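Here the protein sequences come in this chain order: A and B.
Convert by adding 1439 to the 1-based position in the first sequence; the result is the number in this note's numbering.
Convert by adding 21 to the 1-based position in the second sequence; the result is the number in this note's numbering.
One structure is given here, and the rest of the page talks about it.
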Amino acid sequence: MLQLIPTHDLKAARLSTSASQSTSESQKLISLRNVGVNRDGRWLIRGIDIDVAPGEIVTLVGPNGSGKSTTAKVALNIIKPDEGEVQRKQGLRVGYVPQKFEIEPMLPLTVSRLLNLTAHHSEKEISKALELVGVAEHAHTTVQTLSGGEFQRVMMARAMLRKPDLLVLDEPAQGVDYSGEIALYDLIKNIRNDTGCGVLLISHDLHLVMAETDIVVCLNGHVCCTGTPQVVSASKEYKELFGSRAVEGVAVYQHHHDHTHLADGKVLHSDGSVTDHCHPEDGHHDV
Amino acid sequence: MFDDFFVRALLAGIGIAIIAGPLGCFVVWRRMAYFGDTIAHSALLGVALGYLLGINIELGVLVVGVAIALILLLLERDGRLPRDALLGVLSHSTLAIGLVMMALMSSQKVDLMHLLTGDILSVTKFDLAVIYGAGLLMLIGIYTIWRPLLAVTVNEELARAEGMRPEFARAAFLMLMALLIAIAIKIVGILLITSLLIIPAATARRLINSPEQMAFAASLIGVLAVCGGLFSSYQLDIPSGPAIVLAALVLFILSYLLSTMIKKRI
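Dropping the structure here:
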């Protein structure tokens, strides 16, 4: 399930990103310039500059209340900024997976009806999309009975059905267990690779999303720092914002490739060998 | 056959129930039962204004209902008070103003009981024309805003991000509610109108698996409640408005028992 990415692949991916970054401004999917949102005299966010280009994964990280969701909502045209401007590519198609939400229990809604909520898709398209995210059997399930992970996958399928140029995901792994989370980020990467869409991802756990992210924007009302995951996680601002424990989290992630615990309790090592137990010298692991 | 007061009552009730079906579903889905009550209570002020200005009563009710809906939209956007506190203020103050105005109008003795519980047996041919004319327009309206309103009901921000226009759908829905309450006041009265919106929708929920089916089923259940209520009102000599609501309640309990039995079998 989990694809292990050797470090040299990461470097290659980053090189290709820096190439795409040099493309002209007009090819950006979306550009936020000096954006600010003010509520009751308080600036929720201010001076935000963010670009997303096709095929690029941009991750917003930051503590609670740092304005991650507000920034995403400005990008999505849900909130009008009080300051600055937002430029969208003409005819931009957006797929949106909002933060985990409840659907009113009195509303009878099956998964396929939810997928048809704002636009019509054929039965075939729907079952294909559900298959892609691994919940094909749930087409006629009532949405309120889905588990957290299943619901997020359904929302992902829903966003993909729109064939978006830009995918905006607000904490897609909320309420999903650890292995489900890894699978979810894997899915996001595959969607990006298959469709070439840009992705704006909100996450609080940098150490998990790092591998696939091209640019990390660290928010705390304003942009604290921005750059590649390595640059951001090593920066003074990031350490100040999240404390040294979060930085340790990143360190843990980098050892994460060492070995993975399989469902039967055995251990898969980075060299492909499988043993019954892990040993201290194997390095750290999260599972 | 329109000369028979009972036939007219039946037709009026059926017309109201058909429109109340889909609107009632949204009232239940959007948790707006209190909003329905507020518009209904404001109807008393509308009736008083109607008498005072010498205009059609339904028109007075409609004008006040629309005004309350607009005030609510504006105050809600302002965001200083939560919705149910706002509704509490509007609901009881309009009711009080209406009652005071009626007491002051000594020349016009208004039958308060009929306003509160409805007077379906006094429906005229003109009333029927209004119910079915306005009803047809309202069904077209509901059909038009169905998709955006449903999307907004599931998740407003999702709907907005995907290019739906939530403000328009929401405002149109509030206007439809005000209109329904204006034409239904005469049938079931101020105190009972919300029940005609909510009970059939809640009854339908237990038996159905898609929003559209639930709207149709709610209309059907409402029609059954009107027929059952009116016949029992005629047979047992009980007030027609409460009889309709009680018939709806019986259907609700039956659906509850039925769905419990189905669940046990599985």
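No residue lacks a Cβ here, since even glycine has one placed at the ideal position from N, Cα and C.
These numbers come from a predicted model, not from an experiment.
Next on the checklist: Just to confirm my understanding: we take Cys46 of chain B, look at its own chain, exclude 5 residues before and 5 after, and list those with CB closer than 6 Å. What are they?
Outcome noted: Closer than 6 Å at the Cβ level, and outside the excluded window around Cys46 of chain B, lie Ala222, Met235, Ala236 and Ala239.
Checklist entry - Which of the residues in the region 1493-1515 of chain A, read from start to end, lie with their CB under 9 Å from any CB of chain B? => result Per Cβ criterion, the list reads Lys1512 and Leu1515.
Checklist entry - Looking at the unbroken alpha helix (DSSP H) that takes in Arg168 of chain B, where does it start and where does it end? => result Going by DSSP, Arg168 of chain B is part of the alpha helix (DSSP H) stretching over Lys146 to Val175.
Checklist entry - Taking 8 Å as the CB-CB limit, is Ser231 of chain B close to chain A? => result Yes, Ser231 of chain B lies at the interface with chain A (some Cβ there is under 8 Å from its Cβ).
Checklist entry - Taking Cβ-Cβ distances shorter than 7 Å, what residues in chain A pair up with Asn176 of chain B? => result Here the neighbours are Pro1537 and Phe1540.
Next on the checklist: Within the continuous alpha helix (DSSP H) that includes Thr1634 of chain A, where are the two ends?
Outcome noted: Segment Tyr1617 to Thr1634, the alpha helix (DSSP H) holding Thr1634 of chain A.
Checklist entry - With contact counted as at least three CB pairs below 8 Å, one residue from each stretch, are the region 1620-1635 of chain A and the region 1593-1607 of chain A in contact? => result In this structure the region 1620-1635 of chain A lies against the region 1593-1607 of chain A, because at least three pairs of beta carbons, one per stretch, are closer than 8 Å.
Next on the checklist: Using the Cβ count rule (16 or more neighbours within 10 Å means buried), how would you classify Ala1650 of chain A?
Outcome noted: In the assembly as shown, Ala1650 of chain A is a buried residue. Its beta-carbon has 16 or more other beta-carbons within 10 Å.
Checklist entry - Between Gln1693 of chain A and the rest of its own chain, which residues show a CB-CB distance below 6 Å, the 5 nearest in sequence each way excluded? => result Because the pLDDT at Gln1693 of chain A is just 40, under 50, the model does not fix this residue reliably, and the point stays unresolved.
Checklist entry - Would Thr1581 of chain A count as contacting chain B if we go by Cβ distances under 8 Å? => result Cβ-Cβ to chain B under 8 Å: yes for Thr1581 of chain A.
Checklist entry - Hey, does Thr1652 of chain A have any beta-carbon neighbour from chain B nearer than 8 Å? => result Not closer than 8 Å to any Cβ of chain B, the Cβ of Thr1652 of chain A fails to qualify, so no.
Next on the checklist: Given this structure, state the Cα-to-Cα distance separating His1700 of chain A from Glu177 of chain B, to the nearest angstrom.
Outcome noted: Any reading at His1700 of chain A is ruled out, since the residue's pLDDT is 49, under 50, leaving its predicted position unreliable.
Checklist entry - Nearest to Met53 of chain B by CA position, among A:Gln1669, A:Glu1610 and A:Glu1543, is which residue? => result Of the listed residues, the one whose Cα sits closest to Met53 of chain B is A:Glu1543.
Item to check | Contacts around Arg227 of chain B, its chain only, beta-carbon distance under 8 Å, and the 5 residues preceding and following it disregarded | outcome: The residues Ser276, Tyr277, Leu279 and Ser280, in chain order, have a CB closer than 8 Å to that of Arg227 of chain B in the same chain once the five nearest residues on each side in sequence are set aside.
Checklist entry - Between the region 1519-1537 of chain A and chain B, which residues of the former have a C-beta closer than 9 Å to a C-beta of the latter? => result Listed in sequence order: Val1533, Gly1534, Tyr1535, Val1536 and Pro1537.
Next on the checklist: Rounding to the nearest angstrom, what Cα-Cα distance links Ile161 of chain B and Gly1614 of chain A in this structure?
Outcome noted: A direct Cα-to-Cα measurement between Ile161 of chain B and Gly1614 of chain A gives close to 41 Å.
Item to check | Chain-ordered neighbours of Met1545 of chain A on chain B, where CB pairs are closer than 7 Å | outcome: Within chain B, the residues Val49, Trp50 and Arg226 have their CB atoms less than 7 Å from the CB of Met1545 of chain A, given in chain order.
Item to check | Cβ neighbours of Ala225 of chain B in the same chain (closer than 7 Å, five flanking residues each side left out) | outcome: Within the same chain, Cβ atoms closer than 7 Å to the Cβ of Ala225 of chain B are found at Met235, Ala238, Ala239 and Ile242, the five residues on either side in sequence being excluded.
Checklist entry - What are the start and end residues of the beta strand (DSSP E) that includes Gly1475 of chain A? => result In this chain, the beta strand (DSSP E) harbouring Gly1475 of chain A covers Ile1469 to Arg1478.
Next on the checklist: Here's a check: name, in chain order, each residue in its chain whose Cβ is nearer than 6 Å to the Cβ of Trp50 of chain B, leaving out the five neighbours to either side.
Outcome noted: The answer, listed in chain order, is Thr174.
Next on the checklist: Judging by CA-CA distance, which residue of B:Leu149, B:Ile60, B:Ala90 and B:Phe189 is the nearest neighbour of Arg288 of chain B?
Outcome noted: With chain B covering only 22 through 287, there is no way to say anything about residue 288 of chain B.
Checklist entry - According to DSSP, what are the bridge partners of Thr215 of chain B? => result Under DSSP, Thr215 of chain B takes part in no beta bridge, so it has no partner.
Item to check | Supposed contact pair Val1574 of chain A and Arg1592 of chain A - C-beta distance, whole angstroms, cut 8 Å | outcome: The C-beta distance from Arg1592 of chain A to Val1574 of chain A rounds to 5 Å, short enough to fall under 8 Å.
Item to check | Any C-beta of chain A under 8 Å from that of Ala172 of chain B | outcome: Between Ala172 of chain B and chain A, the shortest Cβ-Cβ separation is below 8 Å.
Checklist entry - So which residues of chain A does Met235 of chain B contact, with C-beta pairs closer than 7 Å? => result Here the neighbours are Pro1547.
Checklist entry - Which same chain residues, not among the five before or five after Thr115 of chain B, have their C-beta less than 8 Å away from its C-beta? => result Taken in chain order, the residues that qualify are Thr59, His62, Ser63, Leu65, Leu66, Val85 and Ile89.
Checklist entry - Are the CB atoms of Glu1493 of chain A and Gly1637 of chain A nearer to each other than 8 Å? => result A small fix is needed here, since residue 1493 of chain A is Pro in this sequence, not Glu. Yes.
Next on the checklist: Residues of the region 1546-1566 of chain A in Cβ contact with chain B at a cutoff of 9 Å, in chain order, please.
Outcome noted: If the cut-off is 9 Å between Cβ atoms, the region 1546-1566 of chain A has Leu1546, Pro1547, Leu1548, Thr1549, Arg1552, Leu1553, Leu1556, Thr1557 and Ala1558 near chain B.
Next on the checklist: Rounding to the nearest angstrom, what Cα-Cα distance links Gly42 of chain B and Leu1585 of chain A in this structure?
Outcome noted: Cα to Cα, the separation comes out at about 28 Å.
Next on the checklist: So if DSSP puts Leu1608 of chain A in a beta bridge, which residue, or which two residues, is it bridged to?
Outcome noted: Looking at the DSSP output, Leu1608 of chain A shares a beta bridge with A:Val1536 and A:Leu1640.
Item to check | Inter-residue spacing [alpha-carbon to alpha-carbon] between Ala1568 of chain A and Ile166 of chain B | outcome: As the crow flies, the alpha-carbon of Ala1568 of chain A is around 27 Å from that of Ile166 of chain B.
Next on the checklist: On the DSSP bridge list, what partners appear for Val1671 of chain A?
Outcome noted: For Val1671 of chain A, which the question treats as bridged, DSSP gives no partner whatsoever.
Item to check | His1535 of chain A, buried or exposed, once every other Cβ within 10 Å from all chains shown has been counted against 16 | outcome: Note that residue 1535 of chain A is Tyr in the sequence shown, not His. Counting C-beta atoms within 10 angstroms of its own C-beta, Tyr1535 of chain A has 16 or more neighbours from the protein chains shown and is therefore classed as buried.
Next on the checklist: Strictly below 9 Å CB to CB, what residues from chain A border Ala180 of chain B?
Outcome noted: The contacting residues are Leu1556 and Thr1557.
Checklist entry - Given a threshold of 16 other Cβ atoms within 10 Å of its Cβ, counted over all protein chains shown, does Lys1467 of chain A qualify as buried or as exposed? => result Under this definition Lys1467 of chain A is a buried residue.
Checklist entry - For Ile1496 of chain A, which of helix, strand or coil comes out of DSSP? => result Ile1496 of chain A carries a strand assignment under DSSP once its states are collapsed to helix, strand and coil.
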